[in-house]
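Numbering (our numbering), first residue to last: 47 to 190.
Beta carbons are placed, not taken as given, at the ideal position from N, Cα and C, and that holds for glycine.
I have placed the structure first, in the form of structure tokens, so that the comments after it can refer back to it.
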Amino acid sequence: DEEIPIDINFHDINADIYNNKLNNINDMTVSYIAGFLIRKKLVDILKCNVCKSELRSENVTNPLIKARQYQTIKYGLCNPVTKLFQFVKDILIISSKCINTIFHKQNVARQLILINEMNLEHSFTCPDHDVKNFLIQKTVHMFL
């Protein structure tokens, strides 16, 4: 049998596997934060069918949220819908990219909130609740 040379860098493969796991953990964490934010606004959401349908998913797919829901409480930590997850993720990305240039200035939180407000589009349709600003403000304050 002739030996076949293998030209594979296992370090790169392991790095890719690690990065995929890290991305999954990052996404689970963002989803957990989004679920926490919904929970904070739950009083308004429970009374509003538009907010409920736009923000909250009945299917709990995030292992971190499943692990946190060790009791079967009807209104425990919420599982966010995809567009809410993406919106919170975008806030965190924008904040992460901007923080190094403004951390030494006054009113860092206010500046990050304004930067996010100017750069984020949303499709939240509830006329009664300012979901966009609530999410931006709470996420930025958690970020800091």
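- Beta-bridge analysis with DSSP links Pro126 to Arg102.
- Around the beta carbon of Ala80, a 10 Å sphere encloses 16 or more other beta carbons of the protein chains shown; the residue is thus reported as buried.
- In the same chain as Cys124, and ignoring 5 residues on each side of it, the C-beta atoms closer than 6 Å to its own belong to Gly81, Ile84, Arg85, Arg102, in chain order.
- The closest CA to that of Thr75, considering only Val106, Ile91, Lys135, Asn146, is found on Lys135.
- Linking Asp90 to Phe131 through their CA atoms gives a straight-line distance of about 19 Å.
- For Thr185, the uninterrupted alpha helix (DSSP H) segment begins and ends at 177–189.
- Taking 9 Å as the cut-off, the Cβ atoms of Thr128 and Asn162 do not count as close.
- Leu158: member of the alpha helix (DSSP H) spanning 154–165, first to last residue.
- Here Ile145 is near Phe189, since their CB atoms are less than 9 Å apart.
- In the displayed model, Asn108 falls within coil according to three-state DSSP, outside both helix and strand.
- In this structure, DSSP gives Lys86 a helical state, which the three-state scheme calls helix.
- Around the CB of Pro109, fewer than 16 other CB atoms lie within 10 Å, so the residue is classed as exposed.
- A distance below 9 Å separates the beta carbons of Ile140 and Leu158.
- Within a 10 Å sphere around the beta-carbon of Ser77 sit 16 or more other beta-carbons, which makes this residue buried.
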